[in-house]
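Encoded as structure tokens, the structure appears first; notes follow it.
Shown next as structure tokens:
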């Protein structure tokens, strides 16, 4: 599997914005997300956390071929990008080992992740 650079998840969030959304009101317009809330806006779960999903894996091609999200089955049309995040191995309890696949499926572009330590799949975010 090809690998790329680390994700922004490798950097800690500013303490004052971690775990909450901040909104600002525009002049007569709808509220707009700012700060950490904007970074989480593309994520599928409430509050921005990744959503556990079921994935069909093709061992021969070494890639995900389908997944179920929100009770709908998606066929992976194309793998757009792959990368690996490996960090925190030097800390007790801070080790993160994940493989990521950015895929096009059902007209959507999403980031799928596989937690190598927990052996679990999740949909990390929907792009665009």
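Numbering (this note's numbering), first residue to last: 1350 to 1477. Virtual Cβ for every residue (Gly too), placed ideally from N, Cα, C.
*CA-CA distance, residue 1415 and residue 1435?*
In the chain shown, the residue the question calls residue 1415 occupies position 66. In the chain shown, the residue the question calls residue 1435 occupies position 86. About 25 Å.
*residue 1459 beta carbon less than 8 Å from that of residue 1447*: As a first step, residue 1447 is located in the chain shown; it is residue number 98 there, counting from the start. As a first step, residue 1459 is located in the chain shown; it is residue number 110 there, counting from the start. Not closer than 8 Å, so no.
_In chain order, each beta strand (DSSP E) run of at least 3 residues that lies wholly inside the segment 1391-1439_ = 1403-1407, 1412-1418 and 1421-1436
*asked:* So for residue 1441, helix, strand or coil by DSSP?
replied: As a working note, residue 1441 is residue 92 in the chain shown. Of the three classes helix, strand and coil, the one that applies to residue 1441 here is coil, per DSSP.
*By Cβ distance, which residues of its chain are closer than 6 Å to residue 1418, with the 5 residues on each side in sequence left out?*
Numbered from 1 along the chain shown, position 69 holds the residue referred to as residue 1418. Contacts found: 1402 and 1472.
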